[in-house]
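Taking it in order: structure first as structure tokens, then the write-up.
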Amino acid sequence: MLRFPLVTRYSDYDTKGHVNNAVYLTYFEWARVQAWMSHIVRMSGIAGADVADPPLIVAEAHVRYVSPANIGVPLEIEIAVKEIRTKGFSFAYRIVDARDDRVVAEGETVQVAYDYAAGKTMPIPPAMRKALEAM
Numbered sequence: 215m216l217r218f219p220l221v222t223r224y225s226d227y228d229t230k231g232h233v234n235n236a237v238y239l240t241y242f243e244w245a246r247v248q249a250w251m252s253h254i255v256r257m258s259g260i261a262g263a264d265v266a267d268p269p270l271i272v273a274e275a276h277v278r279y280v281s282p283a284n285i286g287v288p289l290e291i292e293i294a295v296k297e298i299r300t301k302g303f304s305f306a307y308r309i310v311d312a313r314d315d316r317v318v319a320e321g322e323t324v325q326v327a328y329d330y331a332a333g334k335t336m337p338i339p340p341a342m343r344k345a346l347e348a349m
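Each residue of the sequence shown is one higher than the one before, counting from 215 in this note's numbering.
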């Protein structure tokens, strides 16, 4: 599992002073990019165009809202590999209040390895699989 401080923006909040529900998927995306750049790329030796444009698509996304995140509350996001299959894998997420680990939201995304040139799914590249297994 990896854990990152999550910086909220003024535009993330609704008129009630809570993080808007639609923003949580953006937070999950941000955590995926952080995991990709800080762990998966480094561990797998991925280079070139695949660093900035990984051969992946998001096939599913789920969010469960547990408690509100109010303006000024410091947040952290956790991301962990939940499952690895032949052509895809899932990440589990948890957003918490950094002061006391109160859970704000939980979720999951399913990523599928995708060959954009061929327009079809493909097996997870071995180096990427190894990095995911180590995460």
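Virtual Cβ for every residue (Gly too), placed ideally from N, Cα, C. Here the structure is a predicted model, which means the values were calculated and not measured.
{"query": "Give the range of the alpha helix (DSSP H) segment to which Val-324 is assigned.", "result": "No alpha helix (DSSP H) holds Val-324; the beta strand (DSSP E) holding it covers 317-329."}
{"query": "Quickly, what does DSSP pair Tyr-307 with across the bridge? List them, please.", "result": "Ile-293 and Gly-321"}
{"query": "Indicate the three-state DSSP secondary structure (helix, strand or coil) for Val-219 in the structure shown.", "result": "Note that residue 219 is Pro in the sequence shown here, rather than Val. Pro-219 falls in the strand class under three-state DSSP."}
{"query": "Which residue wins for smallest C-alpha separation from Leu-216, given the options Trp-250, Glu-292 and Ala-348?", "result": "Glu-292"}
{"query": "Start and end of the beta strand (DSSP E) containing Tyr-279?", "result": "270-279"}
{"query": "Taking only three categories from DSSP, how would you classify Ile-298?", "result": "strand"}
{"query": "Taking Cβ positions, are Thr-335 and Val-324 nearer each other than 9 Å?", "result": "no"}
{"query": "Cα separation between Pro-340 and Gly-333?", "result": "20 Å"}
{"query": "Are the region 219-226 and the region 270-279 in contact at 8 Å, needing three or more beta carbon pairs?", "result": "no"}
{"query": "Taking 6 Å as the limit between beta carbons, can you name the residues of its chain near Glu-320, skipping five residues before and five after?", "result": "Arg-278 and Arg-308"}
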